[in-house]
Structure formats: C-alpha cells, structure tokens
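Using full-length UniProt numbering, read the sequence shown as starting at 1 and increasing by one per residue.
Note that CB positions come from ideal geometry on N, CA and C, so glycine has one too.
These numbers were taken from a predicted model, which means no experiment stands behind them.
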Amino acid sequence: MVRERVNVSVAVKYHSIIDCPRLCSVWNEIEVVEADLRNTDSVFSLQDREFDTVFHLAAYNHVGDSFNHASEAIQSNLLATVNLLESGPKWKRFIYTSTSEVYGYQTEVPFREMGSVPFPISPYSIGKYSGELYARMKRHQTGKEIIALRPFNTFGPYQSERAVIPELIIRCLRGLAIRT
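Next up, the structure:
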C-alpha cells in the first residue's frame with residue numbers, strides 16, 4: 001500500500017521501531033499511532049480519525065499458548081475487535097482478520113469453507129470466532145461494510161518457527177521426518 005502511495009496509519013501497542021521490526025522498511029513513510037486496542041480509553045482516543053478502510057490485523061496468535069493464556073487471547077482477539085467497532089475511528093470499510101482455526105476439527109478433509117460449521121477448539125479460535133460474530137452483528141445493526149477473512153497457514157518474515165510452514169521448512173532443511 002505504501003508503494004502505491006496510499007496514506008497508511010498503523011496502530012501499535014508500543015510506538016517504537018525496536019518493538020515493531022516488521023515496520024522498519026516503511027517506518028518513515030507511515031503514520032504510527034500508539035494504541036492498546038484492548039483498552040477502551042486508548043481506542044477512544046482514535047475516535048476523531050477517519051479512514052476509508054480499517055484492516056484489523058492485531059491478534060494474540062499463538063494457538064497452543066492460548067490454552068495457558070486464555071484471558072489474554074480472548075482480550076486481544078475479541079475485546080480489541082469490540083473496542084474498534086464501538087469506540088474506534090470512523091471508517092467506510094472494516095476488514096477483520098479471523099483465522100481458519102475457527103473451523104477446528106472437520107469430519108471431512110479436505111472440506112469446503114461454504115457449508116462448514118465453525119467449531120473453534122482453542123481459546124485463540126474462540127476469541128477470533130467471537131470477534132467474527134460481533135462484527136457480523138455490527139454489520140447487521142449498522143449496514144456498514146464489514147468483511148471477515150479466514151486465512152489458512154499464512155507465513156512470512158518474523159514468524160515463529162513453531163508455526164506450521166516454518167516448522168516444515170526447517171524440518172526439511174535439517175533432513176528430519178515430517179510428522180502427519
């Protein structure tokens with residue numbers, strides 16, 4: 001988006017390039033705003049701003065760890081969404097990034113997204129699915145454009161080696177067996 005000369009604002013928990021290494025290459029080309037999306041007052045401070053599109057990407061995204069930190073996972077994945085939709089900036093379009101984890105275990109594999117019933121099985125996926133439900137309710141209530149995405153196995157720089165794609169790559173590079 002920056003390359004396309006779109007004005008980009010990013011809300012980060014800590015306004016520090018050290019705490020935001022993913023933004024290093026564009027730090028001077030974007031507006032960085034400090035806001036803890038779990039905190040209503042912090043989000044309320046964004047209320048006078050207007051955006052064409054809000055991409056809600058913030059998340060507690062450690063599925064396995066979410067069992068040990070359920071409250072943090074729910075706060076980060078549901079409360080942050082509620083705060084943005086209720087107390088945050090004005091927007092024309094809201095894009096909520098959920099997760100394929102909301103499908104949980106499906107009886108048929110591969111499965112079709114259309115017609116598959118969500119069955120979240122971790123605090124992480126419950127928080128994300130709850131965020132989807134809240135966004136859906138808000139879309140119905142307001143008629144505003146709210147879109148939920150459910151990406152599968154995203155990967156890229158700075159990702160934890162515990163995620164599936166990096167783990168597979170590392171195991172292949174080390175000549176280790178791949179577990180199924």
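Buried/exposed call for residue i, threshold 16 Cβ in 10 Å
{"i": "asparagine 68", "result": "exposed"}
{"i": "serine 130", "result": "buried"}
{"i": "histidine 56", "result": "buried"}
{"i": "lysine 90", "result": "exposed"}
{"i": "tyrosine 60", "result": "buried"}
{"i": "alanine 177", "result": "exposed"}
{"i": "serine 25", "result": "exposed"}
{"i": "residue 188", "result": "The requested residue 188 is not part of the displayed model; the chain covers only 1 to 180."}
DSSP bridge partner residues for residue i (one or two, in chain order)
{"i": "lysine 90", "result": "Glu50"}
{"i": "alanine 148", "result": "Tyr96"}
{"i": "histidine 56", "result": "Tyr96"}
{"i": "valine 109", "result": "In the DSSP output, where bridge partners are listed per residue, valine 109 has none listed."}
{"i": "serine 9", "result": "Glu31"}
Cut-off 6 Å between Cβ atoms - residues of its own chain near residue i, not counting five sequence neighbours on either side
{"i": "valine 8", "result": "Met1, Val2, Ile30"}
{"i": "leucine 79", "result": "Arg38"}
{"i": "valine 164", "result": "Asn153"}
{"i": "glycine 175", "result": "none"}
{"i": "glutamate 4", "result": "none"}
{"i": "arginine 49", "result": "Pro89"}
{"i": "serine 66", "result": "Ala73, Ser122, Pro123, Tyr124"}
{"i": "alanine 58", "result": "Leu37, Ala80"}
Closest Cα partner of residue i within the set the options
{"i": "glutamate 132", "options": "Tyr105, Pro118, Phe51, Val109", "result": "Pro118"}
{"i": "leucine 85", "options": "Ala11, Arg22, Gln47", "result": "Gln47"}
{"i": "isoleucine 74", "options": "Ser45, Lys128, Arg150", "result": "Lys128"}
{"i": "threonine 81", "options": "Val109, Ile147, Cys172, Gln106", "result": "Ile147"}
{"i": "phenylalanine 51", "options": "Ser98, Gln106, Ala11, Met137", "result": "Ala11"}
{"i": "serine 98", "options": "Leu168, Thr107, Phe111, Ser76", "result": "Ser76"}
Test item: CB-CB of residue i and residue j under 9 Å
{"i": "glutamine 159", "j": "proline 151", "result": "no"}
{"i": "residue 182", "j": "proline 120", "result": "The requested residue 182 does not occur in the structure, where the chain is confined to residues 1 to 180."}
{"i": "residue 188", "j": "arginine 93", "result": "Shown here, the chain extends from 1 to 180; a query on residue 188 therefore has no answer."}
{"i": "leucine 23", "j": "tyrosine 96", "result": "no"}
{"i": "glutamate 145", "j": "arginine 136", "result": "no"}
8 Å Cβ shell around residue i - same chain, five flanking residues per side excluded
{"i": "valine 63", "result": "Glu101, Ser122, Tyr124, Ser125"}
{"i": "tyrosine 134", "result": "Leu78, Thr81, Val82, Leu85"}
{"i": "leucine 168", "result": "Ile178"}
Own chain residues within Cβ distance below 7 Å of residue i, not counting five before or after
{"i": "valine 43", "result": "Ala35, Leu37, Asn83, Leu84, Ser87, Gly88"}
{"i": "phenylalanine 155", "result": "Ala163, Ile165, Pro166"}
{"i": "isoleucine 170", "result": "Glu161"}
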